[in-house]
Amino acid sequence: MKYILALLLGLATGGALFAVGLAYNPFFGNADLSPLAVTDSQTVMLGYPAVTTESIVFTNDGESRVQPHPEKVLQLWEAPIRQTSVMAVVLWDGRNQTAGLGFKFASTSESTRLLDGRAIVDSVWYVYLPGRGSLFIEQSENYWDFLRDIVLPAYRSSADAWRGQWHGNMTVGPGALGTAKVTGGAGDFLGHTMLGVESQSVRAWHVDRGVIAGEGQLVIELPTNPSIEFATEAEEL
Amino acid sequence: MLKTFLVGILLGAAAVAGALYSIPVVDQYREVSIISVAPNGGNTESLHINMPMDRIMAGAPGGSAAWPVGMKWPDDPILANVSSEIFKIRNARDAVIGVAVRTVAREEGGDVIDWVIHLPARGSLFINMDPQPQDSGERIGRLQSGAREFEPLTGFVEERWVSDTSGEEDAPAGRIELVTRLIGTLLPENERTEEVAE
Chain Y
1028 MKYILALLLG
1038 LATGGALFAV
1048 GLAYNPFFGN
1058 ADLSPLAVTD
1068 SQTVMLGYPA
1078 VTTESIVFTN
1088 DGESRVQPHP
1098 EKVLQLWEAP
1108 IRQTSVMAVV
1118 LWDGRNQTAG
1128 LGFKFASTSE
1138 STRLLDGRAI
1148 VDSVWYVYLP
1158 GRGSLFIEQS
1168 ENYWDFLRDI
1178 VLPAYRSSAD
1188 AWRGQWHGNM
1198 TVGPGALGTA
1208 KVTGGAGDFL
1218 GHTMLGVESQ
1228 SVRAWHVDRG
1238 VIAGEGQLVI
1248 ELPTNPSIEF
1258 ATEAEEL
Chain V
4 MLKTFLVGIL
14 LGAAAVAGAL
24 YSIPVVDQYR
34 EVSIISVAPN
44 GGNTESLHIN
54 MPMDRIMAGA
64 PGGSAAWPVG
74 MKWPDDPILA
84 NVSSEIFKIR
94 NARDAVIGVA
104 VRTVAREEGG
114 DVIDWVIHLP
124 ARGSLFINMD
134 PQPQDSGERI
144 GRLQSGAREF
154 EPLTGFVEER
164 WVSDTSGEED
174 APAGRIELVT
184 RLIGTLLPEN
194 ERTEEVAE
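If you're matching them up, the sequences are chains Y and V in order.
For the working numbering, add 1027 to where a residue sits in the first sequence, where the first one is 1.
For the working numbering, add 3 to where a residue sits in the second sequence, where the first one is 1.
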């Protein structure tokens, strides 16, 4: 009997050790430096609120941690869209002025491989910037760092919350350098294919409410086309 | 007993690793695709939105038609000519298979009407519609970009409004029909070889 107990205790310990080792594996994680940080091209930065109650609309299956906003919005309860969230937000530019509207569809990805440190979400953005045009952004995001640095500590905290300063690049593909594919749809962007990176800055996260203080950011590398004149970050500074 | 405990540790670690390797963490539910071959090549698929029950969001300048209740549509002057709607999207069997956003913007150089259709198990489509409808009422749009399953495809999408004539009490007011006509792009020979090698 004592051998069976020792074996069971060993199994539990081994499983727990493996899980802890996996979660804190220093070799897993996204690159700290955005691939667009070293680009020679002009970039445009668009910010958005990461807090769902600051969005125009946010909805999911209604049973997830983050509750839909506003309360009476239609929920995505049907099986094919149950692992999907929809968000509509106002986008602001580098001067904190309204730049346009953004719509994000995000679905958990079957390419998720926890053994490889990949908690993948497939997402697309539709961005409309009045007077400039529309953009379609296709990307894979890796939430591994977010889970390890924010969510796990929040669950360990007696207050069920995490506070601090966290900034991470979420985009890991489909571009080889970990960039999103951006397609111009109308206006100045029509016919152009560009690169983009989405990042998040989080200051507070709660187990029951998700992000309670933070912002997201889309950085898009503009094509080298003189017809596209944008207030770039460099000019804004 | 210590040896048993150590063996247990190894077995426990191996069991967790094996489980993580073999059991999919994410398994998207798939409705069977209802796709037919078009007479001139490519394929065609019919999607639709039942109105108003599939509408998730509707926002327009002035906020008069804002949906859902409690939504605050931004009143910034820069967005005065932009309206957007978000829908659930259904296949020909009337099963919800995805979500979509339709944006209309009035611009000096011509109106912009864009669709993005997101089907979680398959991928996404980005479509620019012709602002001018056809004589028969439908509007034609071009697939500008596709993600995942739709990435190598090109083609057109037809949008039209079909009013309900069933007279049933709980019937929708009508539906927005989207018919895709897509065809695969021929890859250059060197890229085809790479794909085969993979």
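All C-beta atoms, glycine included, are put in the ideal place defined by N, C-alpha and C.
Presumed contact (8 Å Cβ cut-off) between residue i and residue j, rounded CB distance
i: P1095 (chain Y); j: V99 (chain V); result: Going by Cβ atoms, the distance from P1095 (chain Y) to V99 (chain V) rounds to 16 Å, so no, they are not a contact pair.
i: A176 (chain V); j: M54 (chain V); result: 5 Å
i: G1042 (chain Y); j: A16 (chain V); result: 7 Å
i: A20 (chain V); j: F1054 (chain Y); result: Not a contact, Cβ separation roughly 16 Å.
i: V102 (chain V); j: A108 (chain V); result: Rounded, the Cβ-Cβ distance is 20 Å, inconsistent with contact.
i: N84 (chain V); j: P64 (chain V); result: 7 Å
i: V29 (chain V); j: S1136 (chain Y); result: 6 Å
i: S49 (chain V); j: V160 (chain V); result: The Cβ separation is near 11 Å, so there is no contact.
i: L9 (chain V); j: G1037 (chain Y); result: 7 Å
i: T87 (chain V); j: G62 (chain V); result: It is Ser, not Thr, that sits at residue 87 (chain V) in the sequence shown. The Cβ separation is near 5 Å, so the contact holds.
Where residue i meets chain V, residues with beta-carbon distance less than 8 Å
i: L1036 (chain Y); result: F8 and G11
Residues near residue i by beta carbon distance below 7 Å, same chain, minus five either side
i: S1082 (chain Y); result: P1076, H1096, M1114, A1115 and V1116
i: D133 (chain V); result: R142, I143 and G144
i: T1251 (chain Y); result: S1068
i: G45 (chain V); result: G158, R184, L185 and I186
i: P2 (chain V); result: There is no way to answer for residue 2 (chain V), as the model of chain V reaches only from 4 to 201.
i: E1263 (chain Y); result: Since pLDDT at E1263 (chain Y) reaches only 46, below the 50 mark, its modelled position is unreliable, and the value read off the structure follows with that caveat. G1121 and R1122.
i: A1039 (chain Y); result: none
Other residues of its chain near residue i: CB distance less than 8 Å, five sequence neighbours each side excluded
i: N1087 (chain Y); result: V1093, P1095, Q1102, L1103, T1111, S1112 and V1113
i: G1202 (chain Y); result: P1062, K1208 and L1222
i: G1205 (chain Y); result: N1057, A1058, P1062, N1196, T1198, V1199 and V1224
i: Y1051 (chain Y); result: R1175
i: I12 (chain V); result: none
i: A1181 (chain Y); result: D1187, A1188, W1189, W1232, H1233 and V1234
i: R1230 (chain Y); result: R1190, G1191, Q1192, W1193, A1240 and G1241
i: W1171 (chain Y); result: F1055, G1056, N1057, G1144, R1145 and A1146
i: G1218 (chain Y); result: G1211
Proximal residues to residue i (C-beta, below 6 Å), its chain only, five neighbours per side dropped
i: I89 (chain V); result: I59, M60 and V104
i: H1194 (chain Y); result: S1228
i: T1220 (chain Y); result: T1210
i: H1233 (chain Y); result: A1188 and I1239
i: H51 (chain V); result: R93, R178 and E180
i: F153 (chain V); result: G126 and L128
i: H121 (chain V); result: G101, V102 and S127
i: S1161 (chain Y); result: Y1155, G1212 and A1213
Neighbour list for residue i in chain V, Cβ cutoff strictly below 7 Å
i: E1098 (chain Y); result: G73
i: A1033 (chain Y); result: M4, T7, F8 and G11
i: T1086 (chain Y); result: I59
i: Y1030 (chain Y); result: M4 and T7
i: V1151 (chain Y); result: V119, H121, S127 and A150
Interface partners of residue i on chain Y, CB under 7 Å
i: N131 (chain V); result: G1212 and A1213
i: I186 (chain V); result: What I186 (chain V) touches in chain Y: nothing, since even the nearest Cβ is about 18 Å away.
i: L23 (chain V); result: L1141 and L1142
i: A108 (chain V); result: Y1155 and P1157
i: I81 (chain V); result: T1125 and P1157
heavy atom of the ligand FAD below 7 Å from residue i C-beta
i: W164 (chain V); result: Absence of the ligand FAD is noted for the structure shown, with no ligands found whatsoever.
Partners in chain Y for residue i, counting only beta-carbon separations shorter than 8 Å
i: A16 (chain V); result: G1041, G1042, L1044 and F1045
i: V102 (chain V); result: L1103, I1108, T1111, V1113 and F1132
i: I89 (chain V); result: V1084, V1113, A1115 and F1130
i: A20 (chain V); result: F1045 and L1142
i: Q137 (chain V); result: The premise fails here: Q137 (chain V) is roughly 20 Å from chain Y at the closest Cβ pair, so nothing lies under 8 Å.
9 Å Cβ cut-off: residues of chain V touching residue i
i: E1137 (chain Y); result: P27, V28, V29, D30, Q31 and A124
i: L1204 (chain Y); result: Simply none; closest approach about 18 Å.
Cross-chain neighbours of residue i in chain Y, by beta carbon under 9 Å
i: P77 (chain V); result: I1083, V1117, T1125 and L1128
i: G62 (chain V); result: I1083, V1084, A1115 and L1128
With three or more C-beta pairs closer than 8 Å as the rule, is the stretch 120-133 of chain V touching the stretch 141-150 of chain V?
yes
Segment contact, 8 Å Cβ cut-off, at least three pairs: the stretch 163-171 of chain V with the stretch 1242-1250 of chain Y:
Segments in contact, no.
Which residues, in chain order, does the stretch 1153-1168 of chain Y contribute to contact with chain V at a C-beta distance below 8 Å?
Y1153, Y1155, P1157, G1158, G1160, S1161, F1163 and E1165
Short-range partners of chain Y found in the stretch 27-55 of chain V, where Cβ spacing is below 9 Å
P27, V28, V29, D30, Q31, Y32, R33 and E34
Mind the definition here: the stretch 32-41 of chain V touches the stretch 67-82 of chain V only if three or more C-beta pairs lie below 8 Å; say whether that holds.
Between the stretch 32-41 of chain V and the stretch 67-82 of chain V, the count of Cβ pairs shorter than 8 Å is below three; the stretches do not touch.
Is it a yes or a no for the stretch 1146-1156 of chain Y touching the stretch 1166-1176 of chain Y, going by three-plus beta-carbon pairs under 8 Å?
yes
Say whether the stretch 1123-1130 of chain Y touches the stretch 1031-1041 of chain Y, bearing in mind that this needs 3 or more beta-carbon pairs closer than 8 Å, one atom from each stretch.
no
Whether or not the stretch 1152-1164 of chain Y and the stretch 1134-1144 of chain Y are in contact is what I'm after, with contact meaning three or more pairs of Cβ atoms, one per stretch, closer than 8 Å; do they touch?
By the Cβ test, the stretch 1134-1144 of chain Y is not in contact with the stretch 1152-1164 of chain Y, since fewer than three Cβ pairs between them sit closer than 8 Å.
Taking beta-carbon pairs under 8 Å, can you tell me which members of the stretch 1233-1249 of chain Y lie near chain V?
none
Residues of the stretch 158-181 of chain V in Cβ contact with chain Y at a cutoff of 8 Å, in chain order, please.
none
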